[in-house]
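Asker:
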Amino acid sequence: MPKCTEGVVDFGRVGRRVVQAAFDGGDIVSDGGVMLLRQIDERIGLTRAAAGVFADGRRAASVRHSMRSLLAQRIYGLCCGWEDVTDHNTLRHDLALQTAVGRAEELASAPTFSRLERSATPAHAAALHGVLLETFIAGRGEAPRELVLDIDATHVPLYGQQEGAHFHFHYDSYCYLPLYVFCGQDMLACVLRPSWRDPASVLSALIKLLARRLRQAWPGVRLIVRADSGFCRPRALKRFDAWGIDYIIGLAKNPTLQWQVAIAERALAEQYQDCGTKQRLIGEFTYAARSWERERRVIARLEHGPQGPNPRFVVTSLAGDCTELYERLYCARGEAENRIKEAQLDLFGRRASAHRFAANQLRLLLAAFAYTLIIQLRRRALQGTELARACAATIRIKLLKIGAAVVRNTRRVRLLLASSHPLKHVFLSAAHALAP
């Protein structure tokens with residue numbers, strides 16, 4: 160067997176030169192771009208605000224790591240691609256991460272983060288949601304005239320004995336069903352729910368809380384709720400009408416709706432048979448389900464193609480041209496799904512492996528904070544660059560994952576970044592944009 164006690168790996172030769180590798184380079188880090196996260200965090204005050212509302216029940220005499228440094232370490236780690244708390248057993252020695260967090264000694268280990276997660280309560284989740292909303296409000300330069308709130312839900316698969324785990328037939332797995340609220344690219348809420356709950360549960364209560372704070376900040380703002388048919392509930396529609404909140408929400412097909420459009424669908428089918436190309440028509444009518452207290456405006460989008468008829472229905476309180484409302488407003492709802500994928504896949508919002516339900520809610524919120532940092536970095540520092548529209552995973556690979564040697568003494572910390580990095584001009588532009 161080869162002798163591997165020294166950890167030297169041979170990679171053959173290049174010409175007359177022997178190629179070897181070993182993990183003995185000293186203070187070299189793979190995440191030299193983490194300092195950009197520190198800069199944007201200092202600019203918007205995200206982790207400092209989160210630490211301010213996160214009630215710390217630890218005994219003060221035993222505390223080695225402040226709540227702000229714990230949250231910053233965990234959130235920066237998620238941004239840099241380190242999804243598990245066990246990664247921090249090694250990352251705690253990373254000089255670049257230590258510098259970004261604002262410390263010159265070892266950071267917190269995995270057991271410390273496990274204790275933090277086990278201490279999480281519903282009150283912590285409510286307070287951290289408040290920080291997300293306040294960050295959104297503070298980031299708007301002037302009062303908006305209109306805000307569109309995108310509502311969507313997805314599933315978080317479970318593979319253990321987590322609290323609240325139930326089997327969901329649609330997803331064919333044990334899972335949670337988190338509810339997300341976005342306004343454009345900004346995440347306003349991410350509420351974890353067990354999968355036995357109605358997908359639209361807590362919807363109206365959550366919108367009421369958001370609307371109250373948004374109208375307090377901007378009294379004249381117009382609010383529009385946009386969602387698919389899974390969130391169309393009579394109680395929610397009635398409350399939105401009472402609260403003066405507009406909506407454009409998908410409506411599930413039923414025999415009455417299909418009877419309303421039967422003649423138009425037959426005409427589209429005949430036109431398709433005549434010309435052989437897909438036919439499309441958008442119209443409107445008034446409709447009231449038995450559980451509704453009054454009639455509402457319904458927009459119908461009809462299509463007939465090779466697969467036959469494909470009708471879609473939308474209920475709305477908005478006035479205006481039905482084609483514009485459907486194509487320009489309702490169809491833009493799909494962008495929220497891209498944002499959910501970014502938060503769940505790129506920033507590990509699906510890591511619900513803790514036993515306690517409240518701990519998994521905290522993990523979901525930490526991923527939301529990491530998402531907010533990346534969004535703010537892109538918005539404030541990457542405009543006009545090739546990463547202006549990049550997703551979180553691309554920003555991580557091209558801007559945060561930069562090899563660097565760290566030289567630290569009593570007077571200075573220097574990060575010697577890789578000279579051959581292809582996007583160093585983007586890094587320098589972002590650093591200048593975020594300079595104090």
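The opening position of the sequence shown corresponds to residue 160 in our numbering, with each subsequent residue numbered one higher.
Every residue gets a Cβ at the ideal spot worked out from N, C-alpha and C, and that includes glycine.
For clarity, every value in this text was computed on a predicted model and none was experimentally measured.
#1: Which first and last residues belong to the beta strand (DSSP E) in which H224 is found?
#2: As a quick exercise: from G435, P378, P470, pick the residue whose alpha carbon is nearest that of G442.
#3: Would V222 be called buried (16 or more neighbouring beta carbons within 10 Å of its own) or exposed?
#4: Going along the chain, which unbroken runs of the alpha helix (DSSP H) with 4 or more residues stay wholly within the region 227-269?
#5: What's the C-alpha gap between H283 and A513?
#6: Which first and last residues belong to the alpha helix (DSSP H) in which F516 is found?
#7: Using C-beta distances below 6 Å, list every residue in its chain close to S388, excluding the 5 sequence neighbours before and after it, in chain order.
#8: Within 10 angstroms of its Cβ, does T337 collect 16 or more other Cβ (buried), or is it exposed?
#9: Just reading off the beta strand (DSSP E) that S332 is part of, what are its end residues?
#10: Just to confirm my understanding: we take A592, look at its own chain, exclude 5 residues before and 5 after, and list those with CB closer than 6 Å. What are they?
#11: At a cut of 8 Å, does the region 201-208 reach the region 242-249 through at least three beta carbon pairs?
#12: Report, in whole angstroms, the separation of the C-beta atoms of A231 and D200, which I expect to be a contact under 8 Å.
#13: Specify, as a first and last residue, the run of the beta strand (DSSP E) that Q321 falls within.
#14: Could you compute how far the alpha carbon of A324 sits from the alpha carbon of G174?
#15: Beta-carbon within less than 7 Å of H288's beta-carbon, same chain only, minus the 5 sequence neighbours each way: which residues are those?
#16: If you draw a straight line from the C-alpha of S579 to the C-alpha of A518, how long is it?
#17: Can you tell me whether DSSP reads S579 as helix, strand or coil?
#18: Would you identify the three-state DSSP class for L587, choosing helix, strand or coil?
#19: Is DSSP giving A208 helix, strand or coil here?
#20: Based on Cα-Cα distance, which residue from I422, N413, F390, A421 lies nearest to I407?
#21: Is the region 303-320 close to the region 492-509, with three or more CB pairs under 8 Å?
#22: What's the C-alpha gap between F472 and A526?
#23: Which term fits D480, buried or exposed, when burial requires 16 or more other beta carbons within 10 angstroms of its beta carbon?
#24: Short check: CB of I561 to CB of G216, under 8 Å?
#25: Tell me which residue opens and which closes the beta strand (DSSP E) that H463 is part of.
#26: With DSSP as the reference, identify every bridge partner of T294, one or two as the case may be.
#27: Leaving out five residues before and five after G543 in sequence, what residues of the same chain have Cβ atoms less than 7 Å from its Cβ?
#28: Let me check one thing: in DSSP terms, what residues is E305 bridge-paired to?
#29: What number of angstroms, rounded off, separates the C-alpha of R372 from the C-alpha of I383?
#30: Which residue from D186, G166, G185, I187 puts its Cα closest to that of Q179?
#31: Can you list, in chain order, the residues of its chain whose CB lies under 8 Å from that of P353, leaving out five sequence neighbours each side?
#32: Indicate the three-state DSSP secondary structure (helix, strand or coil) for E611 in the structure shown.
#33: Which class does T475 belong to by DSSP, given the choice of helix, strand or coil?
#34: Do you know offhand how far A297's Cα is from R381's?
#35: Which ranges does the beta strand (DSSP E) cover as unbroken runs of at least 3 residues, wholly within the region 163-209, from first to last along the chain?
#36: Going straight from the alpha carbon of L256 to that of R299, what length do you get?
Answerer: Looking at the coordinates:
#1: Here H224 belongs to no beta strand (DSSP E), and DSSP marks it neither H nor E.
#2: P470
#3: exposed
#4: 247-250, 254-260
#5: 16 Å
#6: Where F516 is concerned, the enclosing alpha helix (DSSP H) stretches over 516-540.
#7: G409, L410, A411
#8: Looking at the sequence shown, residue 337 is not Thr but Pro. With 16 or more Cβ atoms within 10 Å of its Cβ, P337 is classed as buried.
#9: 332-335
#10: The beta carbon of A592 lies closer than 6 Å to those of A540 in the same chain, with the five residues before and after it left out.
#11: no
#12: 7 Å
#13: No beta strand (DSSP E) holds Q321; DSSP gives it neither H nor E.
#14: 59 Å
#15: A348
#16: 42 Å
#17: DSSP, read as helix, strand or coil, puts S579 in coil.
#18: helix
#19: A208: helix per DSSP, three-state reduction.
#20: Comparing Cα positions, the closest option is F390.
#21: The region 303-320 is in contact with the region 492-509.
#22: 34 Å
#23: exposed
#24: no
#25: 455-464
#26: Its beta-bridge partners do not exist; DSSP assigns none.
#27: Once the five neighbours on either side are set aside, G543 has no close Cβ partner at all.
#28: DSSP lists R381 as partners of E305.
#29: 15 Å
#30: G166
#31: G323, A324, H325, Y335, L336, F516
#32: Residue numbering for the chain in the displayed model covers 160 to 595; residue 611 lies beyond these limits and cannot be assessed.
#33: strand
#34: 18 Å
#35: 168-173, 176-180
#36: 30 Å
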